[in-house]
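K.L.:
Listed in order, the protein sequences are those of chains A and B.
Numbering-wise (my numbering), the first sequence opens with residue 1095 and increments by one.
Numbering-wise (my numbering), the second sequence opens with residue 7 and increments by one.
Even for Gly, the Cβ is constructed at its ideal location relative to N, Cα and C.
Dropping the structure in here first, questions after.
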Amino acid sequence: MDEFSKPQRQSPVAIAFILLKYGRRIFRLIAPLLIIFFVQRSGQRSADYFLLYFAGAIAVYQLILSLLEYFRFYYHIQGDDLVIQRGVWRKKRISIPFDRIQGVNFEQNILHRYLKAVEFHVDTAGSVNSEVSLDALSVGKAEKLRDFILKNKKAEVLEEETSQDQVQEKERVIFSVDIPTLLRIGLTANHVQTMGIILGFLWGIYTYAEEIFRFDPNDIVNVYEQFVGYSLIIFSTWLIASVLLSLVRTVFQYYNLKFWEYEAGFKWVAGLLTRQEQSAPYEKVQYIRWRTNPLRRIIGLFSLRLFVAGSARSRSFSDLPGSTLEHVSAIQKLLYPKEWLHFEEKNQISKKVIGRRLLYFGIVPALMAGALLYFQYQWWALLVLLWIPLSYLLARRYQARWAYWINDDMIKTFSGVIASKEVLLPIYKVQAVTFSQTPYQLRKGLVNLNLSTAAGQLRIPYLEKDRAEKLRDDILYRVEREQKAWM
Amino acid sequence: MEFENKEMEISQLPKVADLEFKGLHKDFLQVSILSVIVQWIIILAIIITGLSFWGLLFNLKVFLASLGGWLLFMGISLILRWLGFRHKAYALRERDIHYKTGLLWRSETSIPFHRIQHAEVSQGLIERVFKLSRLKVFTAGGESSDLVVPGLEPDHANSLKDYILNKSALEKVEEAEVELFEESHDPVLDEIYNDKLETEGTEEIQSQPDDSIGEEEQNG
């Protein structure tokens, strides 16, 4: 493509983003120096202006460096490589073969949108350092570049596998999230977690309030403590705030979410102020996970996540709410067209896990909390011990619900105490099988089975040893027999 | 070699559990014990620095107590290392490699050859003295799935590596070429620029807030 054959700079609006980044960096670098400067001044010591000059010099130096960075940054396409030339003091040339590119992602914050530009990320199979991103390209150019890269990448694969006439633009939306669904997702989020976050935040303020605002928060608390009725108000305010916060978070993150399939894989885009976009070629998807909580199960909504081989960056995205079971199974069929997706025998983990979980999550924490609280509340502290029978019930539920299935092609797991989590992994994507045993498990003949893949681990805990051994032999046999590449 | 594609009963599959694992070279016990001692000498140095920092170095009671504690914990870890030695063992089959380790907390890793991305033989300082090498095997599964067999004779380690690499049918993934063109010759500026590159590299990684679906499930 002629448009990209000559080395060229990014869109001039990139300067705005470079300056923005510069601002953030310089603030972090200089803020400590300035604090020292002002603290020393207030301490009546003769002002150490050297620090101020030093900070200024760093700021100016960094500014020049940042601007030069823009003018010395070139990209172009040479043959089947994306070539980046950059560097102020030392010139660096990075060429990335299209083959190695795992995906091209766009990111847009509010300024990008205003300037009609996108941040352009290229994901490669390798360390974070070998990833390349361009601060700003105009939307049209970015799309052209992406399409060019993906098309040429695909062409090489297609030459081997299919004839040219099958190459058609195929884009089909699998699911999208409209405003009512978005609100439902927000309302059914895990509010307990959000409440925890708020509590942590308030606790932080409470602890530091005295130092920061020079007042004693206990004054307020004492007033409230006199009225038991207030605790109800406080609790409901807390709950409402949590729900609102979840709602706002959901809307910002998943506004206008679309998940669709293209010729070579999946793509999705979402976000209110910052639009995120990511693509995952079929063969790079190592396994998929879908989760739900009791509320969402009632309205039939699941969160889907594709675990994609490659960079840490592409791994950290993709937990997408708003799909239904039909969407999940449609995606399964697209990902695994030839694989056998039917499972027969349901397998469970050892009942011995109940006792261990009761001990670790029930008895030990309850006794410790009880002992600590005893000093303050005397016998009332014994109420904490009620956690023990509750945790016993939770541990039983954990064991009862944990299940796995295996057939000739796939492994599936189901787990979760209150929420539920299902994972589907094609066996040939397994990289290594690891047994691990704690001293207790060693005595009782139990094993944790870890299956490593290029995008994370799947763990089946507390298996009876002979079962685990059969599973390992079976998995190794199937991995070693399979000729298909894992990506 | 072609696989026959007929279905196999699971009971007929080759069993890892029946494998004869091979222990490590006996000299590796000494290597392992020496490296524990080196670690504990470093810890002792830290303790002494700490004591002198708090001005307690010449307080006999404190000094003896810390020395006693140090000896006790070093003794325990030496004993564990000594007992753990015979639990370290490896095994090879036609299509995979296995390594097990651990005395109290056991672990056993199996890696099929054609999942191996890279294998290398390396030697630490103490290992060099005892003329031993270690074989490292890497997969795309990340650190948890990498396998290291220490305590091998260098020739043996190298032939193992060659055997594995021959077996791994994986085509080499080309590394992105990074070519450096020297332009500036000012070492100070180069250093500044490298530092800057490093800080930039880490700056852009943002962790995305996880979707707020139930994490009530406790891990463990």
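Closest Cβ-Cβ distance between B/L19 and chain A: below 8 Å?
P.N.:
Judged by the 8 Å Cβ criterion, B/L19 is in contact with chain A.
K.L.:
Considering only residues of the stretch 1475-1499 of chain A, which uninterrupted alpha helix (DSSP H) runs meet the minimum length of 4 residues and lie entirely inside it, listed in chain order?
P.N.:
Taking only runs of at least 4 residues, the alpha helix (DSSP H) segments lying wholly in the stretch 1475-1499 of chain A are 1481-1495.
K.L.:
With B/H124 as the anchor, note down where its alpha helix (DSSP H) starts and where it stops.
P.N.:
No alpha helix (DSSP H) contains B/H124, which is instead part of the beta strand (DSSP E) from 122-128.
K.L.:
At the 8 Å Cβ level, is A/V1527 part of the contact set with chain B, yes or no?
P.N.:
So yes, A/V1527 belongs to the interface.
K.L.:
Check distances from the C-beta atoms of the stretch 18-50 of chain B to those of chain A and list, in chain order, the residues that come in under 9 Å.
P.N.:
Against chain A - using a Cβ distance shorter than 9 Å - the residues of the stretch 18-50 of chain B are L19, P20, K21, V22, A23.
K.L.:
On a CA-only basis, which of A/L1114, A/I1443, A/P1415 is nearest A/Q1493? Give me that one, please.
P.N.:
The shortest Cα separation from A/Q1493 among A/L1114, A/I1443, A/P1415 belongs to A/I1443.
K.L.:
Got a sec: is the Cβ-Cβ distance from A/Y1582 to anything in chain B below 8 Å?
P.N.:
Since the first residue of chain A shown is 1095 and the last is 1581, residue 1582 of chain A is not available in this structure.
K.L.:
Measure the Cβ-Cβ separation of A/R1450 and A/Q1202 and say whether it is below 8 Å.
P.N.:
Not in contact: A/R1450 and A/Q1202 (Cβ atoms no closer than 8 Å).
K.L.:
Would you call the stretch 1489-1509 of chain A and the stretch 88-104 of chain B in contact, with 3 or more CB pairs under 8 Å?
P.N.:
With the cut-off at 8 Å, the stretch 1489-1509 of chain A and the stretch 88-104 of chain B do not touch.
K.L.:
Excluding sequence positions up to five away, which residues of its chain have a Cβ less than 6 Å from the Cβ of A/A1562?
P.N.:
Cβ within range, chain order: V1541, L1543.
K.L.:
Report the rounded CA-to-CA distance for B/K21 versus B/E126, giving the unit in angstroms.
P.N.:
For B/K21 and B/E126, the distance between alpha carbons rounds to 27 Å.
K.L.:
From this set, A/F1111, A/I1158, A/D1241, A/K1186, which residue's C-alpha is nearest A/F1098's C-alpha?
P.N.:
The shortest C-alpha separation from A/F1098 is found at A/D1241.
K.L.:
Please determine, among B/V42, B/K137, B/V154, B/L25, the residue with the shortest C-alpha to C-alpha distance to B/V143.
P.N.:
Answer by Cα proximity: B/V154.
K.L.:
Compare the C-beta of A/L1570 against all C-beta atoms of chain B and say whether one is closer than 8 Å.
P.N.:
It does; some Cβ of chain B falls within 8 Å.
K.L.:
Mapping the DSSP letters down to three states, classify A/Y1169 as helix, strand or coil.
P.N.:
DSSP places A/Y1169 in strand when its eight states are reduced to three.
K.L.:
Along the beta strand (DSSP E) that carries A/P1555, what are the first and last residues, could you check?
P.N.:
Where A/P1555 is concerned, the enclosing beta strand (DSSP E) stretches over 1550-1558.
K.L.:
Does DSSP classify B/N172 as helix, strand or coil?
P.N.:
If DSSP states are grouped into helix, strand and coil, B/N172 belongs with the helices.
K.L.:
CA-CA distance, B/I54 and B/E133?
P.N.:
Roughly 28 Å between the two C-alpha positions.
K.L.:
Just how far apart, CA to CA, sit B/I232 and B/Y96?
P.N.:
Shown here, chain B extends from 7 to 226; a query on residue 232 of chain B therefore has no answer.
K.L.:
Go ahead and pull the three-state DSSP assignment for A/P1520.
P.N.:
DSSP places A/P1520 in strand when its eight states are reduced to three.
K.L.:
Go to B/H104, then tell me how far its alpha helix (DSSP H) extends in each direction, as first and last residue.
P.N.:
Careful: B/H104 lies outside any alpha helix (DSSP H), inside the beta strand (DSSP E) at 102-107.
K.L.:
Mind reading off the beta-carbon distance from A/Y1164 to A/I1120? Whole number of angstroms is fine, and I expect it under 8 Å.
P.N.:
Their Cβ separation, rounded to whole angstroms, is 16 Å, which puts A/Y1164 and A/I1120 out of contact at 8 Å.
K.L.:
Decide if B/L77 is buried, meaning its Cβ has at least 16 other Cβ atoms within 10 Å, or exposed.
P.N.:
Counting Cβ neighbours within 10 Å, B/L77 comes out exposed, since fewer than 16 surround it.
K.L.:
Could you give the residue range of the alpha helix (DSSP H) that holds A/E1371?
P.N.:
Counting along the chain, A/E1371 falls outside any alpha helix (DSSP H), though it belongs to the beta strand (DSSP E) covering 1369-1375.
K.L.:
Is A/D1567 buried or exposed, if buried means 16 or more other CB atoms sit within 10 Å of its CB?
P.N.:
The residue is buried, with at least 16 neighbouring Cβ atoms inside 10 Å.
K.L.:
In whole angstroms, give me the CA-to-CA distance for A/R1399 and A/A1549.
P.N.:
The alpha-carbon atoms of A/R1399 and A/A1549 are separated by roughly 12 Å.
K.L.:
Roughly how many angstroms lie between the CA atoms of B/K33 and B/L138, to the nearest whole one?
P.N.:
Residue identity check: residue 33 of chain B is Asp in the sequence provided, not Lys. Rounded to the nearest angstrom, the two C-alpha atoms are 8 Å apart.
K.L.:
Among the residues of its own chain, which have a CB less than 6 Å from the CB of A/F1214, if the five just before and after it don't count?
P.N.:
Correct list, in chain order: L1228, L1231, A1236.
K.L.:
Is there at least one Cβ from chain B nearer than 8 Å to A/S1444's Cβ?
P.N.:
So no, A/S1444 is outside the interface.
K.L.:
A/S1397: which of A/V1517, A/E1355, A/E1371, A/D1502 sits nearest, CA to CA?
P.N.:
For A/S1397, the nearest C-alpha among the options comes from A/V1517.
K.L.:
Grab me the residues of A/G1464's own chain with a C-beta within less than 7 Å of its C-beta, minus the 5 sequence neighbours each way, in chain order.
P.N.:
Same-chain partners within the cutoff: A1475, L1476, V1478, L1479.
K.L.:
Please identify, using Cβ separations under 7 Å, the residues of the stretch 97-117 of chain B that lie next to chain A, in order along the chain.
P.N.:
Taking 7 Å as the Cβ-Cβ cut-off against chain A, the residues of the stretch 97-117 of chain B that qualify are R101, D102, L110, W111, R112, S113, E114, T115, S116, I117.
K.L.:
Within 8 Å of any Cβ in chain A, is that where the Cβ of B/R121 sits?
P.N.:
Interface residue, yes.
K.L.:
Could you tell me the alpha carbon to alpha carbon distance between A/I1299 and A/Y1498, rounded to whole angstroms?
P.N.:
Each residue's alpha carbon lies about 45 Å from the other.
K.L.:
Does the Cβ-Cβ distance between B/S116 and A/V1527 come in under 8 Å?
P.N.:
Taking 8 Å as the Cβ cut-off, B/S116 and A/V1527 qualify as a contacting pair.
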